[in-house]
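Colleague:
Numbering (our numbering), first residue to last: 1 to 159.
(1) If residue 17 sits next to residue 82, beta carbons under 8 Å apart, how far is it from one beta carbon to the other, in whole angstroms?
(2) Should residue 90 go down as buried or exposed, given a rule of 16 or more other Cβ atoms within 10 Å for buried?
(3) Would the segment 15-34 count as touching the segment 136-154 if we require 3 or more Cβ pairs under 8 Å?
(4) If you count every other CB in all the chains shown that lies within 10 Å of the CB of residue 29, and 16 or more means buried, which is it?
(5) Hey, residue 107 and residue 35 are a contact pair by Cβ (cut 8 Å); roughly how many whole angstroms apart?
(6) Classify residue 151: buried if its beta carbon has 16 or more other beta carbons within 10 angstroms, exposed otherwise.
(7) Using three-state DSSP, classify residue 127 as helix, strand or coil.
(8) When the Cα of residue 115 is compared with those of 56, 138 and 101, which residue comes out closest?
(9) Could you give the residue range of the alpha helix (DSSP H) that holds residue 92?
(10) Out of 76, 86, 46 and 77, which one is the CA nearest neighbour of residue 112?
(11) Assign residue 159 to one of three DSSP states: helix, strand, or coil.
(12) Tell me whether residue 157 is buried or exposed, calling it buried when 16 or more other Cβ atoms sit within 10 Å of its Cβ.
(13) Which same chain residues, not among the five before or five after residue 121, have their C-beta less than 7 Å away from its C-beta?
(14) In this structure, does DSSP put residue 65 in helix, strand or coil?
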């Protein structure tokens, strides 16, 4: 039972923390080129999205019907804390580097974390990790590319 709630919370929290935060950072950077806006966005996503996602996991787990409340709450809390902590790690490059370098370092950090997490998932499933890693990194890169273009579009339309 412990493994189930931990897998639920960490699986969702880590993955969402990486992809959502990177997408937000890249989109805000391409739209504003402002370190403070990107920094504020990361703080906002770490808070609001972690709370929102944990609530989504809570409701999802409850909707399964016969899951005990301990499992529901542990899944909720593990999602909240993993999403919050993972998202906050992306603030570190913003403190250490100029904005464009911080974005590049964040992309490397996020893709490395996602590749490692994907490798662990593949091992747990007993499948070859290469395909799982490529699939997950590919999806993340599509999100990052799309948010970059959306940020650029927003910048041209609204500023």
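Beta carbons are placed, not taken as given, at the ideal position from N, Cα and C, and that holds for glycine.
Model, not experiment: these values are computed from the prediction.
Modeller: Checking against the coordinates, here is how it stands:
(1) Position 17 of the chain shown holds residue 17. Position 82 of the chain shown holds residue 82. About 7 Å separates the CB atoms of residue 17 and residue 82; that is less than 8 Å, so the two are in contact.
(2) As a working note, residue 90 is residue 90 in the chain shown. Result: buried.
(3) yes
(4) In the chain shown, residue 29 corresponds to position 29, counting from 1. Burial is judged here by how many other beta carbons sit within 10 angstroms of a residue's own beta carbon; residue 29 has at least 16 and is buried.
(5) Translated into the one-based positions of the chain shown, residue 107 becomes position 107. Translated into the one-based positions of the chain shown, residue 35 becomes position 35. Going by Cβ atoms, the distance from residue 107 to residue 35 rounds to 16 Å, so no, they are not a contact pair.
(6) Numbered from 1 along the chain shown, position 151 holds the residue referred to as residue 151. Buried: at least 16 other Cβ atoms inside 10 Å.
(7) Sequence index remark: in the chain shown, residue 127 carries index 127 (1-based). Reduced to three states, the DSSP call for residue 127 is coil.
(8) Position 115 of the chain shown, counted from the start, is the residue given in the question as residue 115. Of the candidates 56, 138 and 101, the one whose C-alpha sits nearest the C-alpha of residue 115 is 138.
(9) In the chain shown, counting from the first residue as 1, residue 92 sits at position 92. Looking at the DSSP string, the run of the alpha helix (DSSP H) that includes residue 92 is 91-96.
(10) Mapped onto the chain shown, residue 112 falls at position 112. Among 76, 86, 46 and 77, the Cα nearest to that of residue 112 belongs to 86.
(11) Stepping through the chain shown from its first residue, residue 159 is reached at position 159. Coil, per DSSP.
(12) Position 157 of the chain shown, counting from 1, holds the residue named residue 157. Exposed, since its Cβ has fewer than 16 Cβ neighbours within 10 Å.
(13) Position 121 of the chain shown holds residue 121. Correct list, in chain order: 132.
(14) Here residue 65 refers to the residue found at position 65 of the chain shown. Three-state result, residue 65: coil.
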